[in-house]
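**Student:** Note that the numbering used here has the sequence shown beginning at 55, numbered continuously upward.
One structure, as structure tokens, below. Some questions next.
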Amino acid sequence: MQFGTKTEMPDSKDSTQSLARISFIKSLDYSEFKEGQFKDEKKSLKYRILSPEKINPDEKYPLIVVFHGSGAIGLDNRSQMGVLSKMWLIPENRKNYPAFVIAPQFPVRSSNYHLDETRGVQVSESNEYLDLFLKSVDSMANSKNIDRSRIYVIGFSMGGATTSNAISTRPDLFAAAINVSGISQFNNNKNLLKTPIWIVHGSLDTDNFPQSNIRFYEEMKEEGQVLFWEFKDKYHNNILSAQLVDAIPKWLFNQKK
55 MQFGTKTEMP DSKDSTQSLA RISFIKSLDY SEFKEGQFKD EKKSLKYRIL SPEKINPDEK
115 YPLIVVFHGS GAIGLDNRSQ MGVLSKMWLI PENRKNYPAF VIAPQFPVRS SNYHLDETRG
175 VQVSESNEYL DLFLKSVDSM ANSKNIDRSR IYVIGFSMGG ATTSNAISTR PDLFAAAINV
235 SGISQFNNNK NLLKTPIWIV HGSLDTDNFP QSNIRFYEEM KEEGQVLFWE FKDKYHNNIL
295 SAQLVDAIPK WLFNQKK
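Here it is in structure tokens:
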């Protein structure tokens, strides 16, 4: 996949095999993701974290941050365990892509949208819960066997927007980002030119229209390291296909600061 390119993915119904793979991922037991909580003086944020199956004390491992969509807002510390989190439990991913994976659950929206009248598209902005998470993850990276040159962030829908917010807030922290069906943030683009960013959106998405992400891609494609997959036949809630899920680990693990 080449930076600066926008690829229109062909119309094709998900095969029975693809649907079965996504169903399998959704069914995985996530008990290996251990519960935790970040706190400061005013607020707290629950999360779950997966560790590599085997940790060599002399080795550092990537950290993958997974942000959930608005349907998982809450306090149960379970609802955020969707496909983008559970995919790291697939046996071949556990073997071939050992990593720490952290999935926070936000008690309120982690990203809100408003119209950028100059650009004519929706843009996203985060809140203090994301600030708490980023500070806490920064500290966690110093206390675990985490490779600070390989901290990745991915998210779907509101989580895709939060991915954009996170790299805009802390461009120094992340080695790469994947925004799936989110809304982009634009106020720190000049400091994201060296950050590999993969945007994925469905042309038929009417929950988060793709124009925001398309505009971000257009503004970044000449100087930045951004690429865009536009699925011509996908809506909002069917974007997470087996094709995409299988491509994510390969792409992420090829990125490094």
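Just so it is clear, CB atoms sit at the ideal spot from N, CA and C, and this is done for glycine as well.
Being a predicted model, the structure only gives us computed values, none of them experimental.
Is the beta carbon of ASN199 less than 8 Å from the beta carbon of PRO303?
**Tutor:** Taking the sequence shown and counting its residues from 1, the one referred to as residue 199 is at position 145. Taking the sequence shown and counting its residues from 1, the one referred to as residue 303 is at position 249. No; because the gap between Cβ atoms is not below 8 Å, this pair is not in contact.
**Student:** Does the distance from the C-beta atom of PRO158 to that of TYR101 stay below 8 Å?
**Tutor:** The residue you call residue 158 lines up with position 104 of the sequence shown. The residue you call residue 101 lines up with position 47 of the sequence shown. Yes. Within cutoff.
**Student:** Please go through the region 62 to 150 and give each complete alpha helix (DSSP H) segment of 4 or more residues, from N-terminal end onward.
**Tutor:** You should have 70 to 81, 137 to 140 and 145 to 150.
**Student:** Is the beta carbon of ASN243 closer than 8 Å to that of MET274?
**Tutor:** For the purposes of this step, residue 274 is taken as residue 220 along the sequence shown, with counting starting at 1. For the purposes of this step, residue 243 is taken as residue 189 along the sequence shown, with counting starting at 1. Yes.
**Student:** Less than 6 Å between C-beta atoms, sequence neighbours within five positions excluded: which residues of the same chain meet that for GLY278?
**Tutor:** Indexing the sequence shown from 1 puts residue 278 at position 224. Within the same chain, GLY278 has close Cβ partners LEU247.
**Student:** GLN176 by DSSP, collapsed to three states: which one?
**Tutor:** The residue labelled residue 176 in the question sits at position 122 within the sequence shown. Note: GLN176 maps to strand in three-state DSSP.
**Student:** Going by the CB atoms, is the gap between LEU99 and LEU169 shorter than 8 Å?
**Tutor:** Translated into the one-based positions of the sequence shown, residue 169 becomes position 115. Translated into the one-based positions of the sequence shown, residue 99 becomes position 45. No, the Cβ-Cβ distance between LEU169 and LEU99 is not below 8 Å.
**Student:** Can you tell me the Cβ-Cβ gap for VAL254 and ILE205, rounded? I've got them flagged as a contact below 8 Å.
**Tutor:** Within the sequence shown, residue 254 is the residue found at index 200, counting from 1. Within the sequence shown, residue 205 is the residue found at index 151, counting from 1. Contact doesn't hold; Cβ gap of about 20 Å is too wide.
**Student:** Can you check DSSP and say which residues form a bridge with TYR206?
**Tutor:** Locating residue 206 in the sequence shown gives position 152, counting from the first residue. TYR206 is bridged to ILE118 and ALA230.
**Student:** For the alpha helix (DSSP H) that ASN267 lies in, which residues bound it at each end?
**Tutor:** Stepping through the sequence shown from its first residue, residue 267 is reached at position 213. Segment 265 to 274, the alpha helix (DSSP H) holding ASN267.
**Student:** Can you give the Cα-Cα distance for ILE232 and SER69, rounded to whole angstroms?
**Tutor:** Here residue 232 refers to the residue found at position 178 of the sequence shown. Here residue 69 refers to the residue found at position 15 of the sequence shown. If I take the Cα positions, the gap works out to 24 Å.
**Student:** From ALA229 to VAL162, what distance separates their C-alpha atoms?
**Tutor:** Position 175 of the sequence shown holds residue 229. Position 108 of the sequence shown holds residue 162. Each residue's alpha carbon lies about 27 Å from the other.
**Student:** Leaving out the 5 sequence neighbours to the left and right, which residues in its chain are closer than 6 Å to LEU281 when beta-carbon positions are compared?
**Tutor:** Here the question's residue 281 lines up with position 227 in the sequence shown. For LEU281, where only same-chain residues beyond five positions count, the Cβ hits under 6 Å are MET55, PHE57, THR59 and TRP252.
**Student:** In angstroms, rounded to a whole number, what distance separates the CA positions of LYS108 and ARG173?
**Tutor:** Residue numbering aside, residue 108 sits at position 54 when the sequence shown is read from its first letter. Residue numbering aside, residue 173 sits at position 119 when the sequence shown is read from its first letter. Distance between the alpha carbons of LYS108 and ARG173 is about 48 Å.
**Student:** Quick one, are the C-beta atoms of GLU182 and SER165 less than 8 Å apart?
**Tutor:** Residue mapping note: residue 182 aligns to position 128 of the sequence shown, counting from 1. Residue mapping note: residue 165 aligns to position 111 of the sequence shown, counting from 1. Contact: no.
**Student:** Could you check whether the region 113 to 129 touches the region 90 to 97, counting it as contact only if at least three pairs of C-beta atoms, one from each stretch, sit closer than 8 Å?
**Tutor:** Flag = no, the region 113 to 129 and the region 90 to 97 do not touch.
**Student:** Which whole-angstrom value is the C-beta distance of GLY123 and PHE210, which I expect to be below 8 Å?
**Tutor:** Locating residue 123 in the sequence shown gives position 69, counting from the first residue. Locating residue 210 in the sequence shown gives position 156, counting from the first residue. That pair is a contact at about 5 Å.
**Student:** Going by DSSP, what residue range makes up the alpha helix (DSSP H) through LEU306?
**Tutor:** Stepping through the sequence shown from its first residue, residue 306 is reached at position 252. It spans 296 to 306 - the alpha helix (DSSP H) in which LEU306 sits, taken as one unbroken run.
**Student:** Which of the three DSSP states is assigned to ILE156 in this structure?
**Tutor:** Position 102 of the sequence shown, counted from the first residue, corresponds to residue 156. Residue state, collapsed to three classes: strand.
**Student:** Does the beta-carbon distance from VAL177 to GLN265 come in below 8 Å?
**Tutor:** What you label residue 177 is simply residue 123 of the sequence shown in a count that begins at 1. What you label residue 265 is simply residue 211 of the sequence shown in a count that begins at 1. Going by C-beta atoms, VAL177 is not nearer than 8 Å to GLN265.
**Student:** Give the secondary structure of TYR289 by DSSP, where H, G and I count as helix, E and B as strand, and everything else as coil.
**Tutor:** Locating residue 289 in the sequence shown gives position 235, where the first residue counts as 1. Coil.
**Student:** From GLY236, SER235, ASN262 and ALA220, pick the residue whose C-alpha is nearest to that of ASN317; which is it?
**Tutor:** Since the displayed the chain opens at 55 and closes at 311, residue 317 lies outside it and no answer follows.
**Student:** Run through the DSSP bridge pairs and tell me what ASN219 is partnered with.
**Tutor:** Numbered from 1 along the sequence shown, position 165 holds the residue referred to as residue 219. None, per the DSSP bridge assignment.
**Student:** With 16 other CB atoms within 10 Å as the buried threshold, where does GLY125 fall?
**Tutor:** For the purposes of this step, residue 125 is identified with residue 71 of the sequence shown, where counting begins at 1. Exposed.
**Student:** Near GLU89, what residues of its chain come up, given a Cβ to Cβ distance below 8 Å and the 5 sequence neighbours on each side ignored?
**Tutor:** Along the sequence shown, read from residue 1 onward, the residue named residue 89 stands at position 35. Taken in chain order, the residues that qualify are LYS100, TYR101, ARG102 and ASN131.
**Student:** Bridge partners of TYR183, per DSSP?
**Tutor:** Working through the sequence shown from its first residue, we reach residue 183 at position 129. Answer is none; TYR183 lacks a bridge partner.
**Student:** Determine whether the beta carbon atoms of ILE208 and LEU138 lie at a separation below 8 Å.
**Tutor:** Residue numbering aside, residue 208 sits at position 154 when the sequence shown is read from its first letter. Residue numbering aside, residue 138 sits at position 84 when the sequence shown is read from its first letter. Against a cut-off of 8 Å, the Cβ pair of LEU138 and ILE208 comes out as a contact.
**Student:** Can you tell me where the beta strand (DSSP E) holding ILE251 begins and where it ends?
**Tutor:** The residue labelled residue 251 in the question sits at position 197 within the sequence shown. From DSSP, the beta strand (DSSP E) with ILE251 extends over 250 to 256.
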